[in-house]
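**Student:** Residue numbers (the working numbering), protein chains in the order written: chain A, 472 to 708; chain B, 472 to 708; chain C, 472 to 708; chain D, 472 to 708; chain E, 472 to 708; chain F, 472 to 708.
Using N, Cα and C, we set each Cβ at its ideal position, and we do this for glycine too.
Treat the numbers as computed from the prediction; the structure is a model and nothing was measured.
There's a structure below that I have some questions on.
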């Protein structure tokens, strides 16, 4: 399926709201064969460094089901610790989602976004951001409906996508096969107002020029606009 | 929904085969609001105690997604260890599924059954057994198709269900609400030929008589027969 | 020695009260070559979920000395975690002993039962229950004597024994050799009033019929009555 | 001191080669008050995924001394696990340094770069890259001198620097105080030939435009050229 | 009881050989109220640093049962790691016992000495050495009897005792009460030929002079001679 | 260099005060090629057992940088636990430094001494004590200057050195090469007033007589006097 896509096209995207009945917010996001379950949990407590400040926090955990991948991966719980890759990814997702929350409006409470990868075919961290935003948005609406906050603490939309250079050519939204072949792999998160929140690019095979960076960001912008449109449709249902 | 059920009725059961595209076998089992993803992974290696014996093994891991429950539960990977409850449950599931495998026919390889609870509303361990069997069965068929085994190592069907005593009355297939109110909680696994493989019952509130034990086993048998019928339908598709 | 026993006979049982001078309650239980040190520790605190409820808790830890077995076993402390088998066993022991305690009478305090296996020759979990009850009973008497509780929180006696099917025949109180040969292995805990508290049976080799289950429970009852008689003798000294 | 610097100036940089007598390569890098000890260790083994491929690997570990910071930080060894921040940083350093190594020329061996922060005043991850390169370069020369490789596996120079936006203005090489005040914080790694290897920027306070991204990369380039000049001077001594 | 002892007298000592039927060597040592179970396990493997050297190793593990003490101590397995005190003690015991083994005669195999403190009333580490020697000696005889070694690898007897300064006066073999009051606490291990193997003394309350050190060693020697006499009697039975 | 030293001479000693700008006290100690960074951290809290007693505590952590040694050593944080050797050493350092602190004068606060070995060439634990004392002394002066204590809680100087027997001859201050060849290895800590605080000696190869012990302590005393002179010079600057 990926082969028929044009280089500047997203894979088919599907976001299912309210996927997990127990959570204050949730979404199943599918980008091609990549599927991530995102849930938002509201808790009336904050980490120690925020106690008695009246402001809140958003934190994130990222994990993969053992058979989300071609070869089974060992559970972190069996290894007794969270792997470096999960740590890096969940830190990025957290930073990005925090960028669109007004913590004073949120008040002294936490929202935990859990991103559990059901199926991994490239782009799990960006799908987690795009889907995690929907779960976060549901949780914010829940807070408003419950009268727990006066104003919705959400300040903007946010979504993320990967771009890369494969055989010297730009490609949007890399699946696993493209990702494995990419010379450069980049993940970009952008708000609804078109501003950057996270730019993270690595030359896996071949260093790249400043011009290529500019082009990649432009291509990502195109994809992100479509993702945010999708988020809006989903959330307006 | 549970309230309309009769005491001797199962909750609505749905088993979806091939739910996870990467695994050698998989099933999503839904028993009422309880949903468990079961996958089977074939690996060409065995634990040390079986090396060079020519016989194989089936092992099981059980885990819950953080928001499978009403209140978010901490991940075992964050706690740095698998909790006692998960340990107990995955040991039981493993024992039960091993009862219907001929390890000589399986040959010197392992099948790992992963049971990841997406939504928990009581009966996750018995649902894991019933759904895990479908994943295991798919993996066995895969081994036959691939020519890796001469004969299918599966020796029988197997399924499990919970029964309990609530307000002095027998109830089949307890959901969370019934489970919390139960005086006795029992999990029973039985083969397609109607023989017992695991009987595990605990008086949570009130010790029970030998007669009650006999009645509970009979009630479980009724439910298990329906579950095995469901397995057969699912696997014949 | 085991070979001379009749199939419906217990191994020689010996319970030594007050075996550990520092504990609020303690017993050394010997069932044949199986020897378990049980201690009860009273602490004036409860787990978080019981704080300010005025009710208490009984919890259990189970461990084996490295050379309690034929081959030395690695310490859990060296492995950095408690193994699955220990977890499963200590959860069962805890559930069973809690069945004979009135937690309101106990008040907001905890009793921890430590079961340390000195020598393992089959039946360590059931010996832990039978001996753990004696330690628990001593600790309850201590609470009464100290004036910490008004009434003894103990509501009944409780003991446990294993039964099994070996070569198609029922056997009571399996030692290691019998256990290794057993087709079915079952552990049953029963109160002084003859009611069941825990029934846990597994077909290791061969599934079993409902009739066999009934017979096994009857045989266990016979053994448990003798064990409770022994507990009474020991505690009356 | 930082206040007197111009916005486009690096802090004073000092790199001391051969700082640790036991390592195959080592450097102490000082950027203002930030001090990092970098060592390179050559080992004649590779991770499992590279065995029998004839190609090698470069891996990195990053850690902070407890009093490298204003408030003492707990050791990871006492916490029993590596923190998320260390994990994220050491993964980035590793990716960057691997970009200038020809793994076929390196042959089937590993080089481990240890970055131990003695004093932290902002920019420890970029200082680790710049100093780590010097240690890596020394280790490569060692391999050549020892006749272990035919050709030096190093393909280019590489250094990294942070840039940021503070009060809407661009700043190069943020110290702790500037970093804490920054709206955007970006780390950029570039080769001697002026190509990008890693771009990682986060809007801590305020999302930023594509133009700002372009300006930040240009400013970083200016600083990195000076750092690579410094590396060349140091390595030519 | 301790109060009636003279300052230069040992507490009553009792050593029971063959206390644990499964081990290749074992002893229960009682020094007053201190009781330690010592077992020796022979394994036909050595740590990596000794592979293919033809020489063996003796290693030691030390642990306390939860209610060996007045207040229950948390298990290392629950804490997920071995505490610093246990680590220090087991390293000392290992060093001392290795001093009387000829590792070439032992051949490429290991003996593990497990010291499990059943009851702690001061002097558990020295009791572990004295009792551990008996277990080690039994294991060496076992190796001779089995024809696994040509000559007994034991080169001498070894025992240990504590001495201290309490209220400015020397005391031999401190129990818990004396130990808590001691200004200086010293543990000394000596061979059958009267030579020192380990001297470890700490001024808990008050630094001490070189003369006091000399006196303490002499007093320890007196006690150790009696302990070695006891070992000989025990082993000749 | 070590070879030219006489048997009763220390290696060249250098102590640099205030080596780490963030700590309340710090020193870099160099004894020949052994280099240890010592820092003292003052915290206004105490371990649980001292709460509300008005008295304080001194605790110590010891660690080695991965390339402080000839072969790289794995980090404790990667192994997930502190090794036995580090545990033993940091316990000894803590005991010794506590011997020269008046905890009532210190008040209810803690001082943590971190000893991080930069380069290891024998004698790291004794260097940690000698250098740790300088860091501790600086921290005490800091407390006085800040008006946090009325009187300096330091009661005396303290330093430590190793002595050994190599080829039947006494040697002071063993470097790695001598240590590896030593028949006996001893670490001694002594106060400014010439009293012993810790004596810890082990016969690595050959048990030793009481006379040898006396001689070793005398030789250590000679070295320690010079070290304390060095401490005084350093602290008076």
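Any C-beta of chain A within less than 7 Å: which residues of the segment 646-680 of chain D qualify?
**Tutor:** From the segment 646-680 of chain D, only 662, 666, 667, 668, 669, 670, 671, 672, 673, 674, 678, 679, 680 have a Cβ closer than 7 Å to chain A.
**Student:** What's the C-alpha gap between residue 631 of chain F and residue 557 of chain E?
**Tutor:** Against the sixth chain, residue 631 of chain F aligns to sequence position 160. Against the fifth chain, residue 557 of chain E aligns to sequence position 86. Rounded to whole angstroms, residue 631 of chain F to residue 557 of chain E spans 24 Å at the Cα level.
**Student:** By DSSP, does residue 661 of chain D sit in helix, in strand, or in coil?
**Tutor:** Counting from one through the fourth chain, the residue named residue 661 of chain D turns up at place 190. Looking at residue 661 of chain D - three-state DSSP - the assignment turns out to be strand.
**Student:** With distances taken between CB atoms, is the gap from residue 486 of chain F to residue 705 of chain F smaller than 7 Å?
**Tutor:** Here residue 486 of chain F is taken as the residue at index 15 of the sixth chain, counted from 1. Here residue 705 of chain F is taken as the residue at index 234 of the sixth chain, counted from 1. For residue 486 of chain F and residue 705 of chain F, yes; Cβs fall inside 7 Å.
**Student:** Measuring only the C-alpha atoms, how far is residue 696 of chain A from residue 663 of chain A?
**Tutor:** Locating residue 696 of chain A in the first chain gives position 225, where the first residue counts as 1. Locating residue 663 of chain A in the first chain gives position 192, where the first residue counts as 1. So the alpha carbons of these two residues sit roughly 7 Å apart.
**Student:** Using the DSSP secondary-structure output, state which residues sit across from residue 585 of chain B in a beta bridge.
**Tutor:** On the second chain, position 114 is the one that residue 585 of chain B refers to. Beta-bridge pairing links residue 585 of chain B to B:510, B:532.
**Student:** Could you check where the beta strand (DSSP E) with residue 610 of chain A kicks off and where it finishes?
**Tutor:** As a working note, residue 610 of chain A is residue 139 in the first chain. Element bounds for residue 610 of chain A: not the beta strand (DSSP E) but the alpha helix (DSSP H), 595-616.
**Student:** Three or more C-beta pairs closer than 8 Å, one from the segment 559-566 of chain D and one from the segment 610-619 of chain D: is that the case here?
**Tutor:** Short answer: they don't touch.
**Student:** Give me the chain F residues within the contact set of residue 684 of chain E, using Cβ-Cβ distance strictly less than 7 Å, ordered along the chain.
**Tutor:** Walking along the fifth chain from the start, residue 684 of chain E turns up at place 213. Simply 667, 670, 688.
**Student:** Would you call the CB atoms of residue 528 of chain D and residue 642 of chain D closer than 7 Å?
**Tutor:** As a first step, residue 528 of chain D must be located in the fourth chain, where it is residue number 57. As a first step, residue 642 of chain D must be located in the fourth chain, where it is residue number 171. Cβ distance not < 7 Å, so residue 528 of chain D and residue 642 of chain D don't count as in contact.
**Student:** How would you list, in chain order, the residues of chain B whose beta-carbon sits under 9 Å from the beta-carbon of residue 510 of chain A?
**Tutor:** Locating residue 510 of chain A in the first chain gives position 39, where the first residue counts as 1. Within chain B, the residues near residue 510 of chain A are 536, 537, 538, 543.
**Student:** At a Cβ threshold of 7 Å, is residue 479 of chain B touching chain A?
**Tutor:** Locating residue 479 of chain B in the second chain gives position 8, counting from the first residue. So no, residue 479 of chain B is outside the interface.
**Student:** Going by other Cβ atoms of all chains shown within 10 Å of its Cβ, with 16 needed for buried, is residue 660 of chain B buried or exposed?
**Tutor:** The residue you call residue 660 of chain B lines up with position 189 of the second chain. Answer is buried; the Cβ neighbour count reaches 16.
**Student:** Could you name the residues that DSSP lists as bridge partners for residue 500 of chain B?
**Tutor:** Looking up residue 500 of chain B in the second chain gives position 29. In DSSP, residue 500 of chain B forms a bridge with B:486, B:507.
**Student:** Measuring only the C-alpha atoms, how far is residue 671 of chain F from residue 547 of chain C?
**Tutor:** As a position in the sixth chain, residue 671 of chain F is number 200, starting the count at 1. As a position in the third chain, residue 547 of chain C is number 76, starting the count at 1. The alpha-carbon atoms of residue 671 of chain F and residue 547 of chain C are separated by roughly 31 Å.
**Student:** In chain F, what lies closer than 9 Å to residue 552 of chain E by C-beta?
**Tutor:** Position 81 of the fifth chain, counted from the start, is the residue given in the question as residue 552 of chain E. The contacting residues are 551, 552, 553.
**Student:** Pick from A:505, A:700, A:665, A:679: whose alpha carbon is nearest that of residue 605 of chain A?
**Tutor:** The residue given as residue 605 of chain A occupies position 134 in the first chain. Comparing Cα positions, the closest option is A:700.
**Student:** In the DSSP assignment, find the beta strand (DSSP E) that holds residue 634 of chain B and state where it starts and stops.
**Tutor:** The residue given as residue 634 of chain B occupies position 163 in the second chain. Per DSSP, residue 634 of chain B belongs to the beta strand (DSSP E) from 629-637.
**Student:** Could you tell me whether the Cβ of residue 473 of chain C comes closer than 7 Å to any Cβ of chain E?
**Tutor:** For this step, residue 473 of chain C is matched to residue 2 along the third chain. Annotation note: pLDDT 46 at residue 473 of chain C (below 50); position unreliable, coordinate value reported separately. No, its Cβ sits nowhere closer than 7 Å to a Cβ of chain E.
**Student:** Taking the continuous beta strand (DSSP E) assigned at residue 669 of chain C, which residues delimit it?
**Tutor:** The sequence position of residue 669 of chain C within the third chain is 198, counting from 1. Where residue 669 of chain C is concerned, the enclosing beta strand (DSSP E) stretches over 667-674.
**Student:** Buried or exposed, going by whether 16 or more other CB atoms sit within 10 Å of the CB of residue 689 of chain E?
**Tutor:** As a first step, residue 689 of chain E is located in the fifth chain; it is residue number 218 there, counting from the start. Its Cβ having fewer than 16 others within 10 Å, residue 689 of chain E is exposed.
**Student:** Going by the CB atoms, is the gap between residue 573 of chain D and residue 626 of chain D shorter than 7 Å?
**Tutor:** Position 155 of the fourth chain holds residue 626 of chain D. Position 102 of the fourth chain holds residue 573 of chain D. It is a contact, given that the beta carbons lie within the stated cut-off.
**Student:** How big is the Cα-Cα spacing for residue 501 of chain F and residue 677 of chain F?
**Tutor:** Here residue 501 of chain F corresponds to residue number 30 of the sixth chain, with the count starting at 1. Here residue 677 of chain F corresponds to residue number 206 of the sixth chain, with the count starting at 1. The alpha-carbon atoms of residue 501 of chain F and residue 677 of chain F are separated by roughly 30 Å.
**Student:** Chain D partners of residue 590 of chain F, CB-CB under 9 Å?
**Tutor:** Residue 590 of chain F sits at position 119 when you count from the first residue of the sixth chain. Here the neighbours are 491, 492, 493.
**Student:** Quick one, are the C-beta atoms of residue 634 of chain C and residue 579 of chain C less than 7 Å apart?
**Tutor:** The residue given as residue 634 of chain C occupies position 163 in the third chain. The residue given as residue 579 of chain C occupies position 108 in the third chain. Against a cut-off of 7 Å, the Cβ pair of residue 579 of chain C and residue 634 of chain C comes out as no contact.
**Student:** Are residue 602 of chain D and residue 505 of chain D close, meaning C-beta to C-beta below 7 Å?
**Tutor:** Taking the fourth chain and counting its residues from 1, the one referred to as residue 602 of chain D is at position 131. Taking the fourth chain and counting its residues from 1, the one referred to as residue 505 of chain D is at position 34. Going by C-beta atoms, residue 602 of chain D is not nearer than 7 Å to residue 505 of chain D.
**Student:** If you draw a straight line from the alpha carbon of residue 656 of chain A to that of residue 540 of chain E, how long is it in whole angstroms?
**Tutor:** Looking up residue 656 of chain A in the first chain gives position 185. Looking up residue 540 of chain E in the fifth chain gives position 69. Answer to the nearest angstrom: the Cα atoms are 59 Å apart.
**Student:** Sort out for me which residues DSSP pairs residue 523 of chain C with in a bridge.
**Tutor:** Position 52 of the third chain, counted from the start, is the residue given in the question as residue 523 of chain C. In the DSSP output, where bridge partners are listed per residue, residue 523 of chain C has none listed.
**Student:** Count the other CB atoms within 10 Å of the CB of residue 496 of chain D; is the residue buried (16 or more) or exposed (fewer)?
**Tutor:** Here residue 496 of chain D corresponds to residue number 25 of the fourth chain, with the count starting at 1. Buried, because 16 or more other Cβ atoms sit within 10 Å of the Cβ of residue 496 of chain D.
**Student:** Comparing C-alpha positions only, which one of C:554, C:623, C:570, C:537 sits nearest to residue 588 of chain C?
**Tutor:** In the third chain, residue 588 of chain C corresponds to position 117, counting from 1. Among C:554, C:623, C:570, C:537, the Cα nearest to that of residue 588 of chain C is on C:537.
**Student:** From residue 707 of chain E to residue 490 of chain E, what does the alpha carbon distance come to, in whole angstroms?
**Tutor:** On the fifth chain, residue 707 of chain E is found 236 positions in, with the first residue counted as 1. On the fifth chain, residue 490 of chain E is found 19 positions in, with the first residue counted as 1. Their Cα atoms are separated by approximately 16 Å.
**Student:** Which same chain residues, not among the five before or five after residue 472 of chain C, have their C-beta less than 7 Å away from its C-beta?
**Tutor:** The count along the third chain starts at 1 and reaches residue 472 of chain C at position 1. With a pLDDT of only 43 at residue 472 of chain C, under 50, the local geometry of the prediction cannot be trusted, and no value is derived from it.
**Student:** Counting only the same chain and skipping the five closest in sequence on each side, list residues whose C-beta sits under 6 Å from that of residue 412 of chain A.
**Tutor:** This structure gives no information on residue 412 of chain A, because the portion of chain A shown stretches from 472 to 708.
**Student:** Quick check on DSSP: helix, strand or coil for residue 642 of chain A?
**Tutor:** Stepping through the first chain from its first residue, residue 642 of chain A is reached at position 171. Three-state result, residue 642 of chain A: strand.
**Student:** Hey, how far is the Cα of residue 481 of chain A from the Cα of residue 600 of chain A?
**Tutor:** Locating residue 481 of chain A in the first chain gives position 10, where the first residue counts as 1. Locating residue 600 of chain A in the first chain gives position 129, where the first residue counts as 1. Distance between the alpha carbons of residue 481 of chain A and residue 600 of chain A: 15 Å.
**Student:** Run through DSSP, which three-state label would residue 572 of chain F get?
**Tutor:** What you label residue 572 of chain F is simply residue 101 of the sixth chain in a count that begins at 1. Residue 572 of chain F: strand per DSSP, three-state reduction.
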